[in-house]
RNA sequence: GGCCCAUUCGUCUAGUGGUGAGGACACCAGGUUUUCAUCCUGUAAACAGGAGUUCGAUUCUCCUAUGGGCUACCA
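Here it is, written out as structure tokens:
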């Protein structure tokens, strides 16, 4: 085996990839980058009944959006292809034959109904733990209990069969998990798992180890749900006489509240996406995605990276490159991490604030209504709002008064701030503004302050009223910046309208 | 039920055989701001429990509890 670091992300295309899957992909990517290795994508579609069209494309697009594209995969074949398991049937056939010849696997002719019946019977006898294993296989209908001739005859007649692993009892399987340390499991508790289904396709366990071996995967980084079956995988490597890759089992991502691992239900229940991208299922139901909800991929990735890992410093805002620099499996936590939508928003906010006005503008260009602003003015508007909203898509709605004079005025503010003399004061202020040659925010502010002290009134008596007349709202960005961008003509007009409407 | 894994503020976590157990999010209170947001400062907030090892355990061991995962011809 070579010393090259090769890792893989091996999702099954049964629907949209959820954020736990994205994080697994991310850690694989980070580990590969950190160690100068290769990140491979393999599609595990051996369960044809659960295959969902479009899922593979969704996975690819999600990884691309996150900036963690695999270097090898169905989209980018390398020398270890094909990268889709349903295209590797012959390979599995060959290998399962090998295993049978080695005496580590056998044909089983029990039908699903037979097995169900058996389980039921055992349950009635009080045996809840019945399994197809070294202690029970000699009571079942398989190539170990019938003659060779009989087996061959059944096979010739195309009798449906599965192929099961023949677990050797009374052994201890020890393996070292890069995150959890030594784990040891007694083979007696293992069952004779089906390796090949009656549809002629391998199960996960078999396809997985064959492919990992053939694709020269050096490190298997996957979710904790695979920890119990790793013993079986170790055994399989042993039976084949192959060197097993190193394993690292990642902690699960748990629900924000309550119990259990994060599921797609939690998303709509609690109002946050559980998927990277929007997904519409065959019933037309929409599952929202982070991308369409306005999250920046950098923020999403940063948040995910910190769910179960940290660099050991107090830095929290790290780019993908920085994450790859500092990543190590040793610093991955052992216990499950509860997902925190609040913290996710915070990451988004951090990245959003850092964006240049120009790039924010670019991302909302097609939302902007008709206007007469210059590009520079539009960028200024973005700048005014980027610390006030969390998502680019919220800017245009928040800045609506830049594109349309207020149709109404915020009731609460009117009641609180609009006084007897407001109209008179505004009119006079308007006259003062009219005489300005330089309509910059600084000049406007200067003029305003001059006016206020001249009149011997407080800022609070006029400022909110001015804001109300220009925006219709009681709060928002610095009013002189707004006025400056709006321009003299528009400002004077809006003041006049407000005076007319509010008296 | 069986097997495996885990357990530090509400949440994500740092950390060590002797610490004032640190940070972040959220929360609350101040400050800045005409306002809102941002920003700044601060408060409150944790080693699951019990044994053992030890001069000393949050840290090491064991037990219990709790949580999680697996237990399919699904991955």
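Numbering (the numbering used here), first residue to last: 12 to 514. Ideal placement from N, C-alpha and C gives every residue a C-beta, glycine not left out. Predicted, not measured: the structure shown is a model, and the values here were computed from it.
Residue 178 sits in coil when the DSSP states are folded into three classes, being neither helix nor strand. Here residue 231 is buried, its C-beta having at least 16 other C-beta atoms within 10 Å.
In this chain, the beta strand (DSSP E) harbouring residue 188 covers 183-188.
Taking the Cα of residue 197 as reference, the smallest distance to any Cα among 366, 445 and 245 is reached at 245.
By the Cβ test, the segment 419-428 is not in contact with the segment 495-506, since fewer than three Cβ pairs between them sit closer than 8 Å. Looking only at 490, 489 and 27, the smallest Cα-Cα distance to residue 275 is reached by 27. Residue 260 sits in a strand when the DSSP states are folded into three classes. Secondary structure of residue 320 (DSSP, three-state): strand. Scanning its chain for C-beta atoms nearer than 8 Å, with the 5 sequence neighbours on each side dropped, one finds around residue 100 the residues 211 and 212, in chain order. Taken in chain order, the complete beta strand (DSSP E) segments of 3 residues or longer contained in the segment 228-258 are 230-234.
Separation of the CB atoms of residue 299 and residue 284 is rounded to 5 Å, and the pair is thereby assigned contact status at 8 Å. Secondary structure remark: continuous beta strand (DSSP E) runs of at least 3 residues inside the segment 85-122, in chain order: 116-119.
In this structure residue 106 does not touch residue 176 by the C-beta definition: roughly 12 Å separates them, more than the 8 Å allowed. DSSP places residue 276 inside the alpha helix (DSSP H), whose first and last residues are 275-281. Taking 8 Å as the cut-off, the beta carbon of residue 31 is found closer than this to the beta carbon of residue 273. When 459, 430, 432 and 433 are compared, the shortest CA-CA separation from residue 444 is found for 459. Cα atoms of residue 123 and residue 209: separation of roughly 10 Å, rounded to the nearest angstrom. Residue environment analysis places residue 121 among the buried positions, since at least 16 neighbouring C-beta atoms fall within 10 angstroms of its C-beta. Contact between residue 95 and residue 54 is confirmed by a C-beta separation of about 5 Å, below the 8 Å threshold.
Taking the Cα positions, residue 155 is about 54 Å away from residue 331. Close CB contacts of residue 88 within its chain, under the 7 Å cut and outside five residues either way in sequence, are with 94 (chain order).
The C-alpha of residue 226 lies about 20 Å from the C-alpha of residue 234. Judged by DSSP secondary structure, residue 49 falls within the beta strand (DSSP E) whose first and last residues are 49-52. Residue 153 has 119 as its beta-bridge partners, per DSSP. Look at residue 215 here: in three-state DSSP terms it is helix. Here the alpha carbons of residue 219 and residue 114 stand approximately 20 Å from one another. Here residue 301 carries a coil assignment [DSSP, helix/strand/coil]. Straight-line spacing of the CA atoms in residue 447 and residue 402 works out to 36 Å. Between the C-alpha atoms of residue 21 and residue 278 there is a straight-line separation of about 24 Å.
Every unbroken stretch of the alpha helix (DSSP H) spanning 4 or more residues and falling wholly within the segment 415-486 is given here in chain order: 422-428, 433-445, 452-466 and 470-482.
Contact between the segment 163-177 and the segment 190-206 is present: 3 or more CB-CB pairs across the two stretches fall below 8 Å. In this structure, the CA atom of residue 491 is about 8 Å from the CA atom of residue 451.
Residue range 490-497 is occupied by the alpha helix (DSSP H) that includes residue 495. In this structure, residue 350 lies near residue 264, with their beta-carbon atoms less than 8 Å apart. Counted as a single uninterrupted DSSP element, the alpha helix (DSSP H) harbouring residue 396 occupies residues 386-396. Cβ-Cβ distances below 6 Å link residue 77 to 308 and 312 in the same chain, with the five nearest sequence neighbours on each side left out; the list follows chain order.
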